[in-house]
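For any residue, its number in our numbering is found by taking its place in the sequence shown, counting from 1, and adding 1117. Heads up, the beta-carbon is just placed ideally off N, CA and C, and yes, glycines get one too. A quick note: this is a predicted structure, and the numbers were derived from the prediction, not measured. Following: one structure in structure tokens, then a few remarks.
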Amino acid sequence: MNMIAVEGGSRLRGELTVQSAKNSVLPILAAAILSSGVCVIERCPRLEDVEASGAILRHLGCRVCWQGEDLVVDSSSLVRWDIPDALMRRMRSSVIFLGAILARCGRAELSYPGGCELGPRPIDLHLSALRTLGAQVEECGGRVCCRGEGLRGAEIVLGLPSVGATENAILAACGACGTTVIVNAAREPEIIDLQDFLRKLGAEVRGAGTSTVIVEGVRPLRGCCHRCIGDRIAAATYLAAAAAVGGDICLSGVDYRSLSTVTTALQQAGCRISSDEQYIRLRSDGALRGICPVRTSPYPGFPTDAQAVLMASLLRARGTTVFVENMFQSRYRHVSELLRMGADIRLEGRVAVVCGVPHLCGTAVRCTDLRGGAALVLAGLQADGITQVENIHHIRRGYSDLAGDLAHLGARIQEIRE
Ligand code: UD1
């Protein structure tokens, strides 16, 4: 069985360059379909979800290969517009291919994206955005069939600032005739990265990072080289780890401004944090205190993706911290595993109340989802004895080498593959 084995008790110390952001790379790989040339994603992290995107691109007829650390996608040979169910199920972000395929081929057919680890994740906003652009969307037998040979620019008003729906709308609008205005767009830094990539291809997109994104349809698009932004959630994971066990770490490759809600929380808990354009440094004596309620919300609010790792860092803090998960219904599945390690957490609907305990004990625990899995590893770093984290394929979806990075910082941790 594959697992991560952690022996608790080591402080973390040293420097680390953070991988590129999963949530940038995945929509950008879908966006590569819009290009009629070759796109090079520089220093692309080797994640399970990147492999899943590669499998979809290959199925569509694109040529995809690794050249060292770079992933090269040649979409000039794209011949298909459908994605089979088995590939759709491999990751949730597969749905971002919908807008891109529609823009390139004028039609697209796929099934609903897989899994249900965080509770219901509807795609109604994605489909309604495409309908607003003039696509005919039919849902039958678990398949979504879209036809949109003559997409027309329009005003798309999103009911919620959904990241995925904003990305799908931008990608489809690149293939539409005329101007599209997306109102109430998500403002995540990864949307700005998608805009930067699309501009390199020759697309006309502006406004990303604000609530209004404007796209002028332009085709065909050329190839480009792009290095995605650093992964703010991976960075949050390493900061939370060092905060919890104590130490002095310095992260580079990620914009500290995109992490301000996380760093503010860790400062409140007692960490010393300094940052500039190049790095984020965190120093902690490992004796944290509970903090003001943490409420997840769309960017620039506290990221739902960092909820589990921040919770893990506060398991031994002095006092109580309340978490309110506003983004997804079932995003506390790591809690039952943390309880097995001796944590004191009470759950009621969207609220989790974490009371710090003096000790956690190492035991065998199972990842329930990507970030929840990382939280279990962080709990293991603080626990007495050895923690065996099983079901780590979830972790590999989003971290290229979580155990290796933490070992580099001085943790006693090993990924065991059998
Ligand atoms: C993206 C991120 C994910 C992060 C999430 C929220 C990627 C690849 N994934 O996911 O890591 O946790 O943003 O920051 O970037 N919703 C609807 N209808 C829709 C779409 C969304 O009701 O059609 C709801 C969702 O159920 C959820 C909320 O909107 O409650 C936000 O979801 P969304 O921003 O779409 O998340 P994802 O794009 O799936």
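Proximity test, residue i beta-carbon vs ligand 1 heavy atom, cut-off 6 Å
| i | result |
| --- | --- |
| M1428 | no |
| S1210 | yes |
| S1279 | yes |
| V1162 | The sequence shown places Pro at residue 1162, rather than the Val named in the question. For ligand 1, not one heavy atom lies less than 6 Å from the Cβ of P1162. |
| H1243 | yes |
| P1306 | no |
| N1119 | no |
| L1143 | yes |
| A1302 | no |
| D1422 | yes |
| I1240 | yes |
| A1148 | no |
| A1282 | yes |
| M1205 | no |
| N1443 | no |
| N1508 | no |
| N1140 | yes |
Pick from the options that is closest to residue i, judged by C-alpha positions
| i | options | result |
| --- | --- | --- |
| V1441 | F1419, G1459, L1432 | F1419 |
| R1260 | F1445, R1398, I1200, L1383 | I1200 |
| C1388 | R1400, V1379, Y1396 | R1400 |
| T1249 | G1236, G1265, A1271 | A1271 |
| I1308 | I1213, S1392, C1294 | I1213 |
| G1490 | A1351, L1368, E1132 | A1351 |
| R1206 | A1303, I1218, E1165 | E1165 |
| S1369 | Y1355, A1360, A1382, T1381 | Y1355 |
| V1135 | L1519, R1529, Q1446, Q1499 | L1519 |
| H1343 | I1121, L1143, V1123, N1508 | L1143 |
| D1402 | R1483, M1428, Q1384, G1364 | G1364 |
| Q1385 | L1133, A1360, S1375 | A1360 |
| R1412 | R1450, S1430, V1379 | V1379 |
| C1472 | C1367, G1265, P1410, S1517 | P1410 |
| A1282 | P1237, G1236, S1210, K1317 | S1210 |
| S1414 | V1452, L1277, I1150 | L1277 |
| E1535 | A1528, V1468, H1510, G1521 | H1510 |
| T1297 | A1496, N1285, P1237 | N1285 |
| R1160 | V1189, S1152, A1169, R1197 | V1189 |
| I1115 | I1503, H1525, L1526 | Shown here, the chain extends from 1118 to 1535; a query on residue 1115 therefore has no answer. |
| R1457 | V1468, L1477, Q1446, E1465 | L1477 |
| S1152 | Y1516, R1180, V1123, A1496 | R1180 |
Cβ separation of residue i and residue j, assumed to be a contact under 8 Å, to the nearest whole Å
| i | j | result |
| --- | --- | --- |
| R1514 | M1208 | 7 Å |
| V1274 | V1300 | 5 Å |
| R1435 | G1459 | So it is not a contact: roughly 16 Å between Cβ atoms. |
| L1219 | A1289 | 5 Å |
| G1340 | V1155 | 4 Å |
| L1242 | G1216 | In fact, because the Cβ distance is near 12 Å, the residues do not count as touching under 8 Å. |
| V1506 | V1470 | The pair is not a contact, with the Cβ atoms about 24 Å apart (cut-off 8 Å). |
| E1132 | C1367 | 5 Å |
| A1500 | G1125 | 4 Å |
| A1492 | M1444 | The Cβ separation is near 16 Å, so there is no contact. |
| I1397 | Y1416 | In fact, because the Cβ distance is near 18 Å, the residues do not count as touching under 8 Å. |
| A1528 | L1487 | At roughly 19 Å, the Cβ-Cβ gap does not stay under 8 Å, so A1528 and L1487 are not in contact. |
Length of the line joining the Cα atoms of residue i and residue j
| i | j | result |
| --- | --- | --- |
| G1479 | V1494 | 10 Å |
| G1231 | R1463 | 29 Å |
| A1320 | C1182 | 24 Å |
| G1295 | D1313 | 20 Å |
| V1474 | L1432 | 6 Å |
| M1118 | A1358 | 25 Å |
| L1268 | G1251 | 5 Å |
| C1263 | D1187 | 32 Å |
| S1328 | G1292 | 21 Å |
| G1334 | A1225 | 18 Å |
| D1310 | A1138 | 10 Å |
| R1448 | V1426 | 12 Å |
| A1404 | Q1531 | 25 Å |
| V1167 | G1258 | 28 Å |
| D1422 | S1127 | 25 Å |
| N1140 | V1280 | 10 Å |
| L1523 | C1222 | 44 Å |
| D1191 | L1315 | 15 Å |
| E1163 | E1454 | Correcting the residue type first, residue 1163 is Arg in the shown sequence and not Glu. About 27 Å. |
| G1065 | L1204 | Outside the displayed range of the chain (1118 to 1535) lies residue 1065, so it cannot be described from this structure. |
| A1169 | G1265 | 26 Å |
| V1330 | L1383 | 32 Å |
| I1150 | V1157 | 12 Å |
| D1461 | V1452 | 9 Å |
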